[in-house]
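Asks:
Protein chains in written order, with my numbering: chain A, 148 to 268; chain B, 148 to 268.
(1) Quick check on the burial criterion: 16 or more other C-beta atoms within 10 angstroms. Buried or exposed for residue 255 of chain A?
(2) Do you know offhand how far residue 298 of chain B's Cα is from residue 167 of chain A's?
(3) Hey, is residue 165 of chain B's beta-carbon within less than 8 Å of any beta-carbon in chain A?
(4) So, with DSSP's three-state summary, where would you put residue 159 of chain A?
(5) Roughly how many whole angstroms lie between the Cα atoms of residue 201 of chain B and residue 195 of chain B?
(6) Looking only at C-alpha atoms, which of B/158, B/179, B/216 sits nearest to residue 191 of chain B?
(7) Does the separation of the CB atoms of residue 249 of chain B and residue 181 of chain B fall below 8 Å?
(8) Could you give the uninterrupted runs of the alpha helix (DSSP H) lying entirely in the region 151-219 of chain B, keeping only those of 4 residues or more?
(9) Could you name the residues of chain A that residue 175 of chain B contacts, counting a contact when the two beta carbons are closer than 7 Å?
(10) Taking the C-alpha atoms as reference points, what is the distance between residue 198 of chain B and residue 184 of chain A?
(11) What is the DSSP secondary structure of residue 228 of chain A, counted as helix, strand or coil?
(12) Does the beta-carbon of residue 197 of chain A, which I'm using as the reference point, lie nearer than 7 Å to any heavy atom of the ligand SAH?
(13) Could you give the distance in angstroms between the alpha-carbon of residue 178 of chain B and the alpha-carbon of residue 232 of chain A?
(14) Measuring alpha carbon to alpha carbon, tell me which residue in A/225, A/239, A/171, A/214 is nearest residue 273 of chain A.
(15) So that I know if they touch, is there some Cβ in chain D lying closer than 8 Å to that of residue 168 of chain B?
(16) Could you please give me the residues that DSSP links to residue 240 of chain A through a beta bridge?
(17) Starting from the beta carbon of residue 213 of chain A, find every residue of chain B whose beta carbon is closer than 8 Å, and list them in chain order.
(18) Report the CB separation of residue 193 of chain A from residue 263 of chain A in whole angstroms; it is logged as a contact under 8 Å.
(19) Apart from the five residues on each side of it in sequence, which residues of its chain come closer than 7 Å, Cβ to Cβ, to residue 169 of chain B?
(20) Give the secondary structure of residue 249 of chain B by DSSP, where H, G and I count as helix, E and B as strand, and everything else as coil.
(21) Using a cut-off of 8 Å between C-beta atoms, extract the partners of residue 180 of chain A located in chain B.
(22) Is the shortest distance between the beta-carbon of residue 263 of chain B and the beta-carbons of chain A less than 8 Å?
(23) Within the 8 Å Cβ cut-off, does residue 227 of chain B reach chain A?
(24) Under 6 Å Cβ to Cβ from residue 204 of chain B, same chain only, skipping five residues before and after it: list those, please.
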């Protein structure tokens, strides 16, 4: 009877044409730190090893991807993404341990909200 | 250690400068039906018995208040607000039983999300 639709950072459950929707995000001192889009960008960087490729896969401009990363690196206790410059890996980027942890924590947060949305029958 | 801040339709919990935020709303066939602002408008109409006074108390234009009400009345199973025209009550508005029920249901939905946000320590 219920259909659950999940999009980046949000959850919804549907009954008789009505759907409950929820969005979840984390702020630091009132500024956006982690949300669905930002965490997806981190995931793609982890997958693809490149900010340009990650941005492209999300149809996000490179400039915006950099602004998001810059903001996350600044607001996090330590940088989430670091550029691997020089040598064979020049131009590549990777997640730090803090970056991997941020993804895990956000995913678990979102999962709890999705569970609640699913419960709302 | 935790501060909980609640605004219309959203919840947040704070720790060490980081805060988890959630927003919840109900759609009908993909269109916004009930959210924090709309439910506050319903509550104010119930309190003040007038759309104009309710809009004013929220610093909302009368036109926007009407658009919200029109949309809610159209998307709900039955109208949530009705105008009491003629006689002593001319120009006044009141909530229908469906309107009161919509407030209660939305409040309970929001409460459950707030509880979850508070748990996230």
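Glycine is no exception: its CB is placed at the ideal position from the N, C-alpha and C atoms.
Replies: According to the structure data:
(1) exposed
(2) The first residue shown for chain B is 148 and the last is 268, placing residue 298 of chain B beyond what the model contains.
(3) yes
(4) strand
(5) 6 Å
(6) B/216
(7) yes
(8) 183-195, 198-204
(9) 164, 165
(10) 38 Å
(11) strand
(12) In the structure on display, the ligand SAH does not appear, and there are no ligands present to speak of.
(13) 47 Å
(14) An answer regarding residue 273 of chain A cannot be provided, because it is not within the stretch 148 to 268 covered by chain A.
(15) Protein chains A and B are contained in the structure displayed, whereas chain D is not.
(16) A/230
(17) Within 8 Å Cβ-Cβ: nothing; residue 213 of chain A doesn't reach chain B, min ~23 Å.
(18) Contact flag wrong, Cβ pair sits at about 27 Å.
(19) 157, 158, 260, 264
(20) helix
(21) 165
(22) yes
(23) no
(24) 191
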